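Visitor: Questions regarding the structure given below will be posed in turn.
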Amino acid sequence: MEHIEREAMEFDVVIVGAGPAGLSAAIKIRQLAIENNLPDLSVCVVEKGSEVGAHILSGAVLEPRAMNELFPNWKEEGAPLNVPVTGDETYFLLSDTKSQKMPYWMVPKSMHNEGNYVISLGNVVRWLGQKAEELEVSIFPGFAASEILYHEDGTVKGIQTGDMGIGKNGEPTHNFTPGYELHAKYTLFAEGCRGHLGKRLIAGFALDRDVDPQHYGIGIKELWEIDPAKHKEGLVMHGAGWPLSETGSAGGWWLYHAENNQVTLGMIVDLSYENPHMYPFMEMQRWKTHPVIKQYLEGGKRISYGARAVVKGGFNSLPKLTFPGGCLIGDDAGFLNFSKIKGSHTAMKSGMLCGEAVFEAIAAGVAKGGDLAIARVTEGDDHFAKELTAYTEKYDNSWLKEELYKARNFGPAMHKFGTWVGGAFNFIDQNIFKVPFTLHDLKQDYATLKTVDATTFKPNYPKPDGKLTFDRLSSVFVSNTVHEENQPAHLKLTNPETPIQVNLPKWDEPAQRYCPAGVYEVMENDDGSKRFQINAANCVHCKTCDIKDPSQNITWVTPEGGGGPNYPNM
Numbered sequence: 225m226e227h228i229e230r231e232a233m234e235f236d237v238v239i240v241g242a243g244p245a246g247l248s249a250a251i252k253i254r255q256l257a258i259e260n261n262l263p264d265l266s267v268c269v270v271e272k273g274s275e276v277g278a279h280i281l282s283g284a285v286l287e288p289r290a291m292n293e294l295f296p297n298w299k300e301e302g303a304p305l306n307v308p309v310t311g312d313e314t315y316f317l318l319s320d321t322k323s324q325k326m327p328y329w330m331v332p333k334s335m336h337n338e339g340n341y342v343i344s345l346g347n348v349v350r351w352l353g354q355k356a357e358e359l360e361v362s363i364f365p366g367f368a369a370s371e372i373l374y375h376e377d378g379t380v381k382g383i384q385t386g387d388m389g390i391g392k393n394g395e396p397t398h399n400f401t402p403g404y405e406l407h408a409k410y411t412l413f414a415e416g417c418r419g420h421l422g423k424r425l426i427a428g429f430a431l432d433r434d435v436d437p438q439h440y441g442i443g444i445k446e447l448w449e450i451d452p453a454k455h456k457e458g459l460v461m462h463g464a465g466w467p468l469s470e471t472g473s474a475g476g477w478w479l480y481h482a483e484n485n486q487v488t489l490g491m492i493v494d495l496s497y498e499n500p501h502m503y504p505f506m507e508m509q510r511w512k513t514h515p516v517i518k519q520y521l522e523g524g525k526r527i528s529y530g531a532r533a534v535v536k537g538g539f540n541s542l543p544k545l546t547f548p549g550g551c552l553i554g555d556d557a558g559f560l561n562f563s564k565i566k567g568s569h570t571a572m573k574s575g576m577l578c579g580e581a582v583f584e585a586i587a588a589g590v591a592k593g594g595d596l597a598i599a600r601v602t603e604g605d606d607h608f609a610k611e612l613t614a615y616t617e618k619y620d621n622s623w624l625k626e627e628l629y630k631a632r633n634f635g636p637a638m639h640k641f642g643t644w645v646g647g648a649f650n651f652i653d654q655n656i657f658k659v660p661f662t663l664h665d666l667k668q669d670y671a672t673l674k675t676v677d678a679t680t681f682k683p684n685y686p687k688p689d690g691k692l693t694f695d696r697l698s699s700v701f702v703s704n705t706v707h708e709e710n711q712p713a714h715l716k717l718t719n720p721e722t723p724i725q726v727n728l729p730k731w732d733e734p735a736q737r738y739c740p741a742g743v744y745e746v747m748e749n750d751d752g753s754k755r756f757q758i759n760a761a762n763c764v765h766c767k768t769c770d771i772k773d774p775s776q777n778i779t780w781v782t783p784e785g786g787g788g789p790n791y792p793n794m
């Protein structure tokens, strides 16, 4: 396309992503601005979902520590934390019919849930969005950040939102609307796990130079309405074992009794799995047939479905948090505490710490004569610190770092030693005494797959019955996923030949199975040859393909703003 003239908008702070981290940062900045008589300090949040909360997917049990700090009176202000945890159970599934309930004293303390709440993170984020708007934060839903903008000296200048109305051929259609340039003194990236701009920043500024590789899981979730006689509001259940144990894969599951006779349930499959025939979506469907789970779902109805990659490298994999002109917060950096299976409170805290650093830097710049409510006037504007090193200092002195450090061995132990021995190691580390060393897991998740020639076991996945178990297409339907059909594919292949020529013979093209939305298919042509088909409209934005593809041939980029899932109450 020819050069496009774009409208530019100026802010003090631009935040990419209206999740718990991004909104907590925006709220903290505006709270401090109002308290310290800088009411014109401007904050803009862009969100690729059609509304705030549309793309939010989590279990979720919330530890309220960060919420207590951000809104001490959250109960009076109506935060949707309505279901305190009333019961806490952990199981090991020994087979497709047998299980062992773990005594409470044997469960690592990090997984105890007294004082926590069963929530819909989507609804909590919607509430945070309302509170942010009350503080005069500008929130732009339906606008996807597609590019990072830089000053000539390499400092991040802001972001560009995606163009609307580009056809499949890459040319503007009759309803073309160019994206905006959003400029800021500081740009905070809060895209969630495997953010596509965060990924570029980490590579471009070598932010992960001195840390372990990041590790991931794929979280697959369903929301059910069940028989009121079976509902136990506030009961939380976790477990491991079957069916993942059949392939020697790591991961676990949850089932939470929420309000209104609803249960949220799902499975996290570590993306370090080795068996190329393993099919995470079907593992989750098969798991629901176990009596421990099935007892609650029989007679119920599935309401919604979703999937999202989960960042789980923890303390050992945290990149450098700052770069000239901006920061990484939340799961864009990787703050989830996998030993607790929780990341909402840590995401919020990272946003709050960053928000404090941002406000202090802007206030100091204003005191030196800098202007508010506009980005840096020139690259030579030295009123404002170029890099927010205070954010790292605040993190280093926070309970957030202390919590993640305590959990640093949890994931590596499970990967190195397996579920049983790793679980015993973590019980000792969490409950008895802290081991005086750090385990490391240096193998990238995409490099763990064995070839089909080296794999003998192939799991058996029964045909879904449409009542308890389902296929992917009917699941995508209840995720309310919608994309503009006439747009370029947002799943980019570095080499279009690799899926058929390399991945198919070596790994039976695992994208057919690891994608929880049926985006990737190997089809047969009339002459018997094979072709790789991408059904981009099915994509639920989970990012698994970007992570697990063994040839690292798939790159996820943002589609048109407003596209993707529309999760209700998830």
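Quick note on our numbering: the sequence shown kicks off at 225 and runs consecutively. Even for Gly, the Cβ is constructed at its ideal location relative to N, Cα and C. Keep in mind it's a predicted model, so treat the numbers as computed, not measured.
1) Less than 7 Å between the beta carbons of alanine 408 and valine 237, yes or no?
2) To the nearest angstrom, how far is the alpha carbon of leucine 521 from that of alanine 427?
3) Suppose the cutoff is 8 Å on Cβ atoms and the five residues either side in sequence are ignored; what does the same chain contact list for serine 319 look like?
4) Quick check on the DSSP output: the alpha helix (DSSP H) that includes leucine 352 runs from which residue to which?
5) Comparing the C-beta of glycine 549 with each C-beta of chain B, is any distance below 7 Å?
6) Give every residue of the same chain whose Cβ lies closer than 8 Å to the Cβ of glycine 422, excluding the five residues on either side of it in the sequence, and list them in chain order.
7) Pull up the CB-CB distance for glycine 353 and arginine 230, whole angstroms please, since I reckon it's below 8 Å.
8) State the Cα-Cα distance for the pair threonine 779 and alanine 356, rounded to the nearest angstrom.
9) Determine the extent of the alpha helix (DSSP H) in which threonine 613 is found, giving its start and end residues.
10) Could you tell me which uninterrupted alpha helix (DSSP H) segments, each at least 4 residues in length, are contained entirely in the stretch 695-758, listed from first to last along the chain?
11) Skipping 5 residues on each side, what residues in its chain have a beta carbon closer than 8 Å to that of lysine 610?
12) Quick one: what does DSSP say glycine 642 is sitting in, helix, strand or coil?
13) Quick check on DSSP: helix, strand or coil for proline 783?
14) Tell me whether asparagine 260, by its Cβ, gets closer than 6 Å to a heavy atom of the ligand COA.
15) Which residue comes first and which comes last in the alpha helix (DSSP H) that contains glycine 249?
16) Does the distance from the C-beta atom of cysteine 769 to that of alanine 713 stay below 7 Å?
17) Compare the Cα-Cα distances from arginine 696 to each of Lys716, Thr722, Tyr744 and report the closest residue.
18) Ignore the nearest five residues each way along the sequence and tell me which others in glutamine 668's own chain have a CB closer than 6 Å to its CB.
19) I'd like to know whether the C-beta atoms of histidine 710 and asparagine 790 end up nearer to each other than 7 Å.
20) Under the rule that 16 or more other beta-carbon atoms within 10 Å means buried, what is glutamate 498, buried or exposed?
21) Which whole-angstrom value is the C-beta distance of leucine 717 and asparagine 777, which I expect to be below 8 Å?
22) What distance in whole Å lies between the Cβ atoms of glycine 742 and asparagine 719, which are believed to be in contact at a cut-off of 8 Å?
23) On the DSSP bridge assignment, give the partners of tyrosine 315 in chain order.
24) Write down the C-beta distance between tyrosine 629 and leucine 577 rounded to the nearest angstrom, noting that I regard them as a contact closer than 8 Å.
25) Residues in its own chain within less than 6 Å of glutamine 757 by CB, not counting five upstream and five downstream?
26) Touch check for the stretch 334-351 and the stretch 273-292: three-plus C-beta pairs under 8 Å?
27) Which same chain residues, not among the five before or five after methionine 572, have their C-beta less than 6 Å away from its C-beta?
28) Determine whether the beta carbon atoms of glycine 386 and threonine 397 lie at a separation below 7 Å.
29) Could you tell me which uninterrupted beta strand (DSSP E) segments, each at least 3 residues in length, are contained entirely in the stretch 473-509, listed from first to last along the chain?
30) Looking at isoleucine 517: is its Cβ nearer than 7 Å to the Cβ of asparagine 485?
31) By a C-beta neighbour count over all protein chains shown, 10 Å radius and 16 as the cutoff for buried, is tryptophan 478 buried or exposed?
32) For the 8 Å Cβ check, are there 3 or more pairs between the stretch 520-539 and the stretch 624-638?
33) Whose C-alpha, out of Ser282, Gly475, Phe367, Tyr685, is nearest the C-alpha of glycine 786?
Guide: Concretely, from the data shown:
1) yes
2) 44 Å
3) Trp466
4) 345-358
5) Included in the structure is just one protein chain, with no chain B present.
6) Phe413, Glu415, Leu552, Asp556, Ala557
7) That pair is no contact at about 26 Å.
8) 32 Å
9) 613-620
10) 696-701, 728-731, 735-738
11) Thr379, Pro548, Gly549
12) helix
13) coil
14) The ligand COA is absent from the structure shown, which contains no ligands of any kind.
15) Just to set this straight, residue 249 is alanine in the shown sequence, not glycine. First-last of the alpha helix (DSSP H) with alanine 249: 244-259.
16) no
17) Tyr744
18) Pro437
19) Note on residue identity: the sequence assigns asparagine, not histidine, to residue 710. No, they are not a contact pair.
20) exposed
21) 6 Å
22) That belief does not hold up - the Cβ atoms of asparagine 719 and glycine 742 are roughly 23 Å apart, past 8 Å.
23) Lys325, Gly463
24) Not quite, the Cβ-Cβ distance comes to about 15 Å (not below 8 Å), so this is no contact.
25) Glu745, Met747
26) yes
27) Pro244, Ser248, Ala290
28) no
29) 475-481, 486-494
30) no
31) buried
32) yes
33) Phe367
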